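This report concerns only the one structure given below.
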Amino acid sequence: MLVDVDARVIRNTRLSADYNVIALAAPQIAEATQPGQFVMVKSAGGGDPLLRRPFSVFEVLRSNNRVEGLTLLSKRVGVTTKILYDAVEGDAISCLGPLGRPFETVKPPTEAWMVAGGVGLAPFATLGEALLARGVKTTLFYGARSEAELFYLDWFKSRDIRLILSTEDGSMGDKGRITLPLERELQRAAAEPMIYACGPEPMLEAVAHVAGRFNRPSQVSVERTMGCGMGGCYSCVIPVRDGAGSERTRPTGSHYVRSCIAGPVFRGDEIVWD
Amino acid sequence: MRLSGTDLSVQIGALTLANPLIAASGCFGYGVEYADAVDLSTLGGVAVKGLFLKEREGHPPERIVETPSGMLNAIGLQGIGVDRFIREKLPELRQLRATVVVNICGSTLDEYVELARILSDAEGVAALELNISCPNIKEGGITFGCSLHGTFDVVNAVKKVTPLPVIPKLTPNVTDVASFARASEEAGADAVSLVNTFLAMAIDIETRRPKLSNIVGGLSGPAIRPIAVRMVYECRRAVKIPVIGMGGIASARDVLEFIIAGASAVQVGTANFVDPFIWGKLLTGITDYMQRHSIARISDLVGTIDTTSREKQWISS
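Protein sequence lines, in the order shown, are assigned to chains F and G.
Here our numbering is used: the first residue of the first sequence is 1, the next is one more, and so on.
Here our numbering is used: the first residue of the second sequence is 1001, the next is one more, and so on.
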C-alpha cells in the first residue's frame, strides 16, 4: 500500500561532516517496505525544493516488537540531503512509499554477497536482515574513500555478516576499489553467491562485469535522476536489453525503462551500461 | 459529481466531466501507474502520455532538472505507440472507469489523422487532445502549433475523421496565444487546452554543460503559473469554446484562479509528481470555496473575473 506521511524526525545521527542517519516516524511505510525499496522525500513545509528525492530505506526501526519507523542513510550533496542532515528531532519530513521493485532474496545453500560503495550501503541493512532470517550466509563488501567513511561496521559484524572492506586511501581493508577483493574472493570461493550491489553507477557496471566473468548472477540497485518515483514522468529511465521474444527490434538492441517502477533493482546483465 | 449540494460537473463540447480536474498529459504516465494513489474514476479526466503511431525511445538522460519553483523536462515523448496503448493500457483504464483523454502527436498531418481514426474506433476514449506544442522534439507537432495555418489545418483534418471532442493543446511559445485559440475554434475545435511548457534551459556553470541532454527543455511548475493564468484569460476573451487551463497548479486556490480567469476545466501536472494524493485535497478545497461563496455550480464561476474599477476603500487604522 502506498502511503504519504509527514513523518516526525525521531532522531538524527550525524556520522561525519556529511553523512547522517535520520530516523523517521513512518511506521506504515516501514512495515510494508521490502529490502531494496525506496521512499520519496521532501521537506514537509512544501516550497523549495519542489520535487521529492529518492532514498533507499536503510533500517526498519522496532521497539517492543512494534515497528516505530524507518531510517535513511544520507550523504549531504544537495538541497534535500542538506535538509536531512540539518533536521532536528520533532521536524517533519514528507515521506512517500514504499516504492520500486525490491531485491529478490536467495535461499541456502546459495550465499549472498552484498557490494556497497559509499552511501550505497543504504539498502543492505534491511537486505542483510532478510537474508539472515532465511539462513543465508551473507557477506558485505564495502568500499569507501577512507576508514572514516565506513559506517555501521559493528552493526553488520554483530549480526554475523562477514565484512570485506576497501578504501581508496588504504586506511582500512584493501587499498583501491571494492571490485578488487570481490574478484579475489570469487576466484578463491567454492561458494556460488548471488551478488547484490548498490553504489555509484561505474561501480555497479564493474560489479556486473565481474559477476558475469565468473558466471554469477547479480542484482544492482541504480539511482537515476527521478522526478516522481511512480512512473509518471519518465525521467529516471535506464537502457535495458531487448528481451528474447520481445517485439522490440531496435538497432541498439535496447530500450529505456523507468528505473522507479521497473527498478531500482535490475539484473546486472540486463542493463546496457552507457 | 455532487458533494453536499455543489455541482462540480463541467461541459467540454459534448463531453461531461464529473469535475474540472484532469491529470495532465506527460505527468501521469498512462494513468494506470497512479491507480494505487487515486481512484481514477473520481477525476474529471485522465490525459495520458502523448502517443505517436509508433513506439518512441525518447531522449537520453538527463531528462529533467529542477529549477526555482519549477522543473525543466526534455523526455522526448518516449512512448509505446497507439497499438500497444489500445492493447495494453486502454482495457485497464476502462476497468478503472477513467475518463480517458488521449494526447496524440504526429510529425505529419496524416499521422494525426491516422491516430484519430484508430482511436475513434477504440472503446473507452472520451476525447482527443492534439499535442501541437511539445517543445522538445523537432519532428513533433510544434511546427503546427507555431503556425496559425498549421493549427487550423490539423484541427480541421482531425475533426473530419472523428466524432470525439478534439482539444488542441497550445504552446505558450508564441507572441499571441489567443490567435491560436481562435484558429482552433474556426477549425472546429471543441475546446483548447493551454499552456504546454515554456521553452527554457539550464547550464551547469562548473562544467559549462547544459543540464539536459537535449540542451533545451520545457519549464513547468508554479514558476509559470502567473503567465499561464494571463494566457488563459486572453484566450477566454478570444473564443467561445471552453478553455482548459494549466500551468503550475498546486492547490485548490490555484485551480480557482484559473477558473475565474476563464478556464472551464484545469489540468494538473507537476504537482502530481510531488503529491500523487493531491486530487482529493483539490476537490475538497474547491467544494469548501463554493460553499463559502454560495456557488452551486462550478461552471457558474468560469470567467467571472471582475475587472471593473472600484472606488478606493479607505480603512482607518
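Glycine included, each C-beta is placed from N, C-alpha and C at the ideal position.
All values derive from a computational prediction rather than experimental measurement.
Assign residue i to one of two classes, buried (16 or more other C-beta atoms within 10 Å of its C-beta) or exposed (fewer than that).
i	result
G:Lys1049	buried
F:Ser56	buried
G:His1293	exposed
F:Val265	buried
F:Ser246	With a pLDDT of 49 at F:Ser246, under the threshold of 50, the predicted position of this residue should be treated as unreliable, though the coordinate-derived value follows. F:Ser246 is exposed by the Cβ-count criterion.
G:Asn1196	buried
G:Ile1215	exposed
F:Lys157	exposed
F:Ser187	Reading the sequence as shown, one finds Gln at residue 187 of chain F and not Ser. By the neighbour-count rule (16 or more Cβ atoms within 10 Å), F:Gln187 is not buried but exposed.
G:Arg1002	Because the pLDDT of G:Arg1002 is 47, which lies under 50, any placement of that residue in the model is unreliable, and the number read from its coordinates should be weighed accordingly. Exposed.
G:Glu1253	Strictly speaking, residue 1253 of chain G in this sequence is Arg, with Glu absent from that position. Exposed: under 16 other Cβ atoms inside 10 Å.
F:Gly253	exposed
F:Pro181	buried
G:Leu1095	According to the sequence displayed, residue 1095 of chain G carries Gln and not Leu. So G:Gln1095 ends up on the exposed side.
F:Val240	buried
G:Asn1272	buried
G:Lys1211	buried
G:Arg1209	exposed
F:Met1	exposed
F:Leu127	buried
F:Arg53	buried
F:Pro286	This structure gives no information on residue 286 of chain F, because the portion of chain F shown stretches from 1 to 274.
Please list, in chain order, the chain C residues whose beta carbon lies closer than 8 Å to that of residue i.
i	result
G:Pro1276	Checking the listed chains, one finds no chain C in this structure; the protein chains it contains are F and G.
Given a cut-off of 8 Å, decide if residue j and residue i are closer than it, judged by their beta-carbon atoms.
i	j	result
F:Gly74	F:Tyr85	Reading off the sequence shown, one finds Ser at residue 74 of chain F, where the question assumed Gly. Yes, these two residues count as a Cβ contact at 8 Å.
F:Leu70	F:Thr33	yes
F:Ala208	F:Thr179	no
F:His255	F:Asp242	yes
G:Trp1279	G:Leu1043	yes
G:Ile1241	G:Leu1301	no
F:Ala23	F:Val9	yes
G:Leu1017	G:Thr1099	yes
G:Val1268	G:Ala1024	yes
G:Ile1075	F:Ser218	no
F:Glu183	F:Val220	no
G:Ile1374	G:Val1101	Residue coverage of chain G in this structure runs from 1001 to 1317, which leaves residue 1374 of chain G outside it and unanswerable.
G:Glu1234	G:Ser1193	no
G:Gly1106	G:Leu1115	yes
F:Val67	F:Ala122	no
F:Val222	F:Gly173	no
F:Thr167	F:Glu192	no
G:Arg1117	G:Val1082	no
F:Ile261	G:Glu1257	no
G:Ile1298	G:Ile1286	yes
G:Ile1080	G:Glu1088	yes
F:Gly100	F:Gly117	no
G:Asn1073	G:Asn1103	no
G:Val1266	G:Pro1020	yes
G:Gly1070	G:Ser1220	yes
- Within the segment 1046-1096 of chain G, ranges of the beta strand (DSSP E) (whole runs, at least 3 residues): 1064-1067 and 1070-1073
- Message: For the segment 1165-1179 of chain G against the segment 1011-1028 of chain G, do three or more pairs of beta-carbon atoms, one drawn from each stretch, fall closer than 8 Å, so that the two count as touching?
- Response: yes
- Please specify which runs of the alpha helix (DSSP H), each continuous and at least 4 residues long, are wholly inside the segment 130-169 of chain F, giving them in chain order. 153-158
- Item | Selection of the segment 1014-1029 of chain G by Cβ proximity to chain F, strictly under 7 Å | Cys1027, Phe1028 and Gly1029
- Decide yes or no for the touch test of the segment 102-114 of chain F against the segment 40-54 of chain F: beta carbon pairs closer than 8 Å, at least 3 of them. no
- Query: How about the segment 1238-1254 of chain G and the segment 1169-1185 of chain G: do they share at least three Cβ pairs that are nearer than 8 Å?
  - Reply: yes
- Message: Under 8 Å, with one C-beta from each stretch per pair, do the segment 1063-1074 of chain G and the segment 219-234 of chain F reach the 3-pair mark?
- Response: yes
- Task: Would you mind listing the beta strand (DSSP E) stretches within the segment 189-239 of chain F that are 3+ residues and don't spill past its ends, in chain order?
- Result: 194-198 and 218-221
- Task: Select from the segment 1033-1046 of chain G all residues with a C-beta closer than 8 Å to any C-beta belonging to chain F, and list them in chain order.
- Result: Glu1033, Tyr1034, Asp1036 and Ala1037
- Query: Below 8 Å, can you find three or more Cβ-Cβ pairs linking the segment 44-53 of chain F to the segment 112-123 of chain F?
  - Reply: no
- Message: Short of 8 Å Cβ to Cβ, which residues in the segment 36-63 of chain F face chain G?
- Response: Lys42, Asp48, Pro49, Leu50, Leu51 and Arg52
- Item | Cβ pair count under 8 Å reaching 3, the segment 1104-1113 of chain G against the segment 1016-1032 of chain G | no
- Task: Determine, using beta-carbon pairs with one atom in the segment 1144-1159 of chain G and one in the segment 1181-1190 of chain G, whether at least three such pairs fall under 8 Å.
- Result: yes
- Taking contact to mean at least 3 C-beta pairs separated by less than 8 Å, is the segment 124-136 of chain F in contact with the segment 157-167 of chain F? yes
- Task: Would you list, in chain order, the members of the segment 1072-1096 of chain G that have their beta-carbon closer than 8 Å to a beta-carbon of chain F?
- Result: Asn1073, Ile1075 and Gln1078
- Query: Which runs of the alpha helix (DSSP H) spanning at least 4 residues fall entirely within the segment 1169-1207 of chain G, listed in chain order?
  - Reply: 1177-1186
- Message: Which runs of the beta strand (DSSP E) at least 3 residues long sit entirely within the segment 10-49 of chain F? Give them in chain order.
- Response: 19-24 and 38-43
- Message: At a CB distance below 7 Å, what residues from the segment 1045-1071 of chain G approach chain F? Give them in sequence order.
- Response: Glu1057, Gly1058, Pro1061, Glu1062, Arg1063, Ile1064, Glu1066, Ser1069, Gly1070 and Met1071
- If contact means a Cβ-Cβ distance below 8 Å, which residues of the segment 62-94 of chain F contact chain G? none
- Interface positions of the segment 1247-1277 of chain G facing chain F (Cβ-Cβ less than 8 Å), listed along the chain: Thr1270, Asn1272, Phe1273, Val1274, Asp1275, Pro1276 and Phe1277
- Item | Residues in the segment 1193-1221 of chain G having any Cβ partner in chain F nearer than 8 Å | Gly1221
- Report the residues of the segment 212-228 of chain F with a CB closer than 9 Å to any CB of chain G, ordered along the chain. Arg224, Thr225, Met226, Gly227 and Cys228
- Message: Runs of 4 residues minimum, wholly inside the segment 1096-1153 of chain G: which ones carry the alpha helix (DSSP H) assignment?
- Response: 1109-1121 and 1142-1145
- Message: For the segment 19-34 of chain F, list every residue whose C-beta sits within 9 Å of some C-beta in chain G, in sequence order.
- Response: none
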